[in-house]
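Peer 1:
Numbering (the working numbering), first residue to last: -8 to 144.
#1: By DSSP, does residue 23 sit in helix, in strand, or in coil?
#2: Exposed or buried, residue 57, counting other C-beta atoms within 10 Å across all chains shown (16 or more means buried)?
#3: So, for residue 27: in the same chain, excluding its five sequence neighbours on each side, which residues have a beta-carbon less than 7 angstroms away from its beta-carbon?
#4: Go ahead and label residue 41 buried or exposed: buried means 16 or more other beta carbons lie within 10 angstroms of its beta carbon, across all protein chains shown.
#5: Return the CA-CA distance between residue 77 and residue 37, expressed in angstroms with no decimal places.
#6: Please check the pair residue 73 and residue 47, which I expect to be a contact at CB under 8 angstroms, by giving their CB distance rounded to whole angstroms.
#7: Taking the Cβ atom as the reference point for each residue, do residue 104 and residue 96 lie within a distance shorter than 7 angstroms?
#8: So, for residue 50: in the same chain, excluding its five sequence neighbours on each side, which residues have a beta-carbon less than 7 angstroms away from its beta-carbon?
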């Protein structure tokens, strides 16, 4: 996926899309044996939200800065980074493997996890459908809360 998909898209003049894979870690190295996996799973979405909040607040109060005031492309780029990070945080919280939401559900509700485990690979397709139906409007709402209503793409 890391090499084959971009190469295929380059050769077929397709649009480039991102490809992510889970970051490997050794759970035996975690000090907190009970909630270590949960903490690792929560860090990813929290990092996305932290990036979105910091850049979003800069964008919200950008009128007070004059350094790049004449550069709307720069502002649009920052806005896109904010939106993508909000979307990624919400998408990663969907409780289907291999997303972080599945690890959170597994650690907090182990009995409930058995039902999600049976879904298997179908869960990714459900996650994609959920992202288009529900996550985009929620991400847009959070974007407006952070950045303000005055900013538009």
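In this text, a Cβ means the ideal position worked out from N, Cα and C, and glycines have one as well. Computed from a prediction, not measured in an experiment: that's the story for all the values here.
Peer 2: If we stick to the structure as given:
#1: Here residue 23 corresponds to residue number 32 of the chain shown, with the count starting at 1. Coil, per DSSP.
#2: To locate residue 57, count along the chain shown from 1; it is residue 66. A caution first: residue 57 carries a pLDDT of 49, below 50, which makes its placement in the model unreliable, though a value can still be read off. Exposed, by the Cβ-count rule.
#3: Residue mapping note: residue 27 aligns to position 36 of the chain shown, counting from 1. Closer than 7 angstroms at Cβ, skipping near neighbours: 18, 21.
#4: The residue you call residue 41 lines up with position 50 of the chain shown. By the Cβ neighbour-count rule, residue 41 is exposed, with fewer than 16 other Cβ atoms within 10 Å of its own.
#5: Counting from 1 along the chain shown, the entry for residue 77 is found at position 86. Counting from 1 along the chain shown, the entry for residue 37 is found at position 46. In a straight line, the C-alpha of residue 77 is about 10 angstroms away from that of residue 37.
#6: Reading the chain shown from its first residue, position 82 is the one you call residue 73. Reading the chain shown from its first residue, position 56 is the one you call residue 47. Yes, they are in contact, since the Cβ atoms of residue 73 and residue 47 sit about 4 angstroms apart, within 8 angstroms.
#7: On the chain shown, residue 104 is found 113 positions in, with the first residue counted as 1. On the chain shown, residue 96 is found 105 positions in, with the first residue counted as 1. In contact: residue 104 and residue 96 (Cβ atoms closer than 7 angstroms).
#8: Position 59 of the chain shown, counted from the first residue, corresponds to residue 50. For residue 50, same chain residues with a beta-carbon under 7 angstroms away, outside a window of 5 residues either side, are 66, 69, 70, 73, 138, 142 in chain order.
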